[in-house]
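All the letters of the sequence shown, read from the start, carry residue numbers 19 to 233 under my numbering. Note that beta-carbon positions come from the ideal geometry of N, C-alpha and C, so glycine has one too. One structure is given here, and the rest of the page talks about it.
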Amino acid sequence: MIEGVITIVILGIAMVTLTSFLFPQVERSATPYYQTRAAAIGNAFLNEILSRQFDEYSDPFGDSVVRCGETHEEKTYTCSEPNENGVWPIDKESEYFDYVLPGSSLPAGKGLVVAIANDVDDFHGCWGDLSLCHERYNHNRLPWRGAIENLVGDQVAQSGTYNNMTVSVAVSYDSRFDTAYPEETPFPHQHKRVVVEVDTGRYGKYDFVAYRSNY
19 MIEGVITIVI LGIAMVTLTS FLFPQVERSA TPYYQTRAAA IGNAFLNEIL
69 SRQFDEYSDP FGDSVVRCGE THEEKTYTCS EPNENGVWPI DKESEYFDYV
119 LPGSSLPAGK GLVVAIANDV DDFHGCWGDL SLCHERYNHN RLPWRGAIEN
169 LVGDQVAQSG TYNNMTVSVA VSYDSRFDTA YPEETPFPHQ HKRVVVEVDT
219 GRYGKYDFVA YRSNY
């Protein structure tokens, strides 16, 4: 009888130890893996985005002749402006495709054709599973733009590689670094701030920030 009680007590202590210390450590052991994946995805997104020109109305040849906001040969090139929700205008319909859910005939969202996108604000929005994007973000501020595979792997359809992961891209003007030289008034629209947030679910959110300047 005493031996049985001792056995039960020892088993109880062992179970408490396992559930309180060992099992949580096993779950947390996946965190470095997701951190590494998030860093790789964030880097891939920024490399793709920053390779594009500053604005739709910048000189298409590397922004080398005309910056948006300037006048060249009596023509003014006005920079694009986001709406009140921070969403940028659709420059060309050819840059997007209608995404239709299986079993439906109505488009559920507009995906970006990455190969055609030509400026950084084209990428503004949420990337990943459409329903998960709508669950995690306000689609009026961060509209769905495609599967993660669409950008990092040139695939339109999801492959299951990035299950439960989303990537939000928020592009906005940042006037804090505007310079006034040579004029007294700072030249507007000098820099766009690009914030890439990789959401891995319960393993954390990871932000990556870069700037594209109007030069």
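Q. With a CB to CB cut of under 8 Å and the five nearest residues on each side skipped, what residues in its chain are close to Gly-219?
A. Cβ neighbours of Gly-219 beyond the five flanking positions: Asn-182, Met-183.
Q.
Per DSSP, what are the beta-bridge partners of Asp-116 in this structure?
A. Lys-128
**Q.** First through last residue of the alpha helix (DSSP H) which encompasses Glu-66
**A.** 49-68
Q.
Could you compute how far the alpha carbon of Tyr-75 sits from the alpha carbon of Asp-217?
A. Cα to Cα, Tyr-75 sits roughly 32 Å from Asp-217.
Q.
Just to confirm the assignment, what range does the beta strand (DSSP E) spanning Val-189 have?
A. Counting along the chain, Val-189 sits inside the beta strand (DSSP E) bounded by residues 184-191.
Q. Buried or exposed: which applies to Glu-215, given that a residue is buried once 16 or more other Cβ atoms fall within 10 Å of its Cβ?
A. With 16 or more Cβ atoms within 10 Å of its Cβ, Glu-215 is classed as buried.
Q) Do you know offhand how far Glu-92's Cα is from Phe-195's? A) 28 Å
Q. So, His-207 versus Ser-231, is the Cβ gap smaller than 8 Å?
A. no
Q. Got a sec, what are the start and stop residues for the beta strand (DSSP E) Leu-231 sits in?
A. The amino acid occupying residue 231 in the given sequence is Ser; Leu does not appear at that position. Its beta strand (DSSP E) spans residues 223-231.
(Q) Let me check one thing: in DSSP terms, what residues is Val-212 bridge-paired to? (A) Val-189, Ala-228
Q. Rounded to the nearest angstrom, how far is the Cβ of Leu-64 from that of Val-212, given a contact under 8 Å?
A. 7 Å
Q: Could you tell me whether the stretch 93-102 touches the stretch 118-125, using the rule of 3 or more Cβ pairs below 8 Å?
A: no
Q. Which stretch, first to last residue, makes up the alpha helix (DSSP H) that contains Arg-163?
A. Note, Arg-163: premise wrong, no alpha helix (DSSP H); beta strand (DSSP E) at 162-164.
Q) Under 8 Å between the Cβ atoms of His-142 and Val-83? A) no
Q.
So for Asp-139, helix, strand or coil by DSSP?
A. helix
Q) At what residues does the alpha helix (DSSP H) containing Arg-152 begin and finish? A) Per the sequence presented here, residue 152 reads as His, with Arg not at that position. 148-154 is the extent of the alpha helix (DSSP H) around His-152.
Q: Might you give, ordered along the chain, the residues of its own chain that have their beta carbon closer than 7 Å to the beta carbon of Leu-130, omitting 5 neighbours on each side?
A: Glu-113, Tyr-114, Asp-140, Phe-141, Arg-163, Gly-164
(Q) Using 8 Å as the threshold, is the C-beta distance between Tyr-52 and Gly-178 below it? (A) Result no, Cβ atoms of Tyr-52 and Gly-178 do not sit closer than 8 Å.
Q: Could you tell me the distance, in whole angstroms, from the CA atom of Met-33 to the CA atom of Thr-25?
A: 12 Å
Q | Bridge partner(s) assigned by DSSP for Trp-106 | A | The partner list for Trp-106 (beta bridge, DSSP) is empty, contrary to what the question assumes.
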